[in-house]
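A.B. asks: One structure coming up, written as structure tokens, with questions to follow.
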Amino acid sequence: MRAEHAAMGVALDEARAALATGDVPVGAVLLGPDGAVLATGRNEREARSDPTAHAEVVAIRAAAAVRGEWRLDDATLVVTLEPCVMCAGAILAARIPRLVFGAWDEKAGAAGSVHDLVRDRRLQHRVEVIPGVRAAEAEALLLDFFASRR
Numbered sequence: 123m124r125a126e127h128a129a130m131g132v133a134l135d136e137a138r139a140a141l142a143t144g145d146v147p148v149g150a151v152l153l154g155p156d157g158a159v160l161a162t163g164r165n166e167r168e169a170r171s172d173p174t175a176h177a178e179v180v181a182i183r184a185a186a187a188v189r190g191e192w193r194l195d196d197a198t199l200v201v202t203l204e205p206c207v208m209c210a211g212a213i214l215a216a217r218i219p220r221l222v223f224g225a226w227d228e229k230a231g232a233a234g235s236v237h238d239l240v241r242d243r244r245l246q247h248r249v250e251v252i253p254g255v256r257a258a259e260a261e262a263l264l265l266d267f268f269a270s271r272r
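Written as structure tokens, this is what we have:
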């Protein structure tokens, strides 16, 4: 669990970097089987004018490019916020076996709160989910961001 805690620190740094472009502060990091960082990502929807530029998708695309293949079946995705349906689909498509996240997303989460797409028994691939890692820090970033917008 120590590795996930440290990796969440990297994801939190990515989330903070998203603030510079006015993006919702969500960050992600993909770890290889040895725990080394394969790729990082942050929300870039505003920066890129791209509705699919969620932190998870950005990190998954970067890791696939580094590896030269789409299968990330030995990786762990660490993200500050529970993935949405689109990101859960990307996790499943990349065959990522392990998901670690910080804050729950009670409005759009797809890893156990609103939906549980990543562990749906009807699908051929299921993901191990470890929620709540450094959740208070991830939640605080999001709460501060949205409070400043009101």
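Per this note's numbering, the very first residue in the sequence shown carries number 123; after that it's consecutive.
All C-beta atoms, glycine included, are put in the ideal place defined by N, C-alpha and C.
Please work out which residues of its chain come closer than 6 angstroms, Cβ to Cβ, to ARG248, disregarding the five sequence neighbours upstream and downstream, and give them in chain order.
C.D. replies: ARG241
A.B. asks: 8 angstroms is my cut-off, CB to CB: does ARG220 come that close to chain C?
C.D. replies: The chain labelled as chain C is not found in the depicted structure, where only one protein chain is given.
A.B. asks: Using only alpha-carbon positions, find the residue among GLY190, LEU263, ALA230 and ALA184 that is nearest to PRO205.
C.D. replies: ALA230
A.B. asks: What residues are listed by DSSP as bridge partners for GLY144?
C.D. replies: GLY144 is not bridged to any residue.
A.B. asks: Would you call GLU178 buried or exposed, if buried means 16 or more other Cβ atoms sit within 10 Å of its Cβ?
C.D. replies: Burial call: buried.
A.B. asks: Following the continuous alpha helix (DSSP H) through ARG189, name the residue where it begins and the one where it ends.
C.D. replies: 177–189
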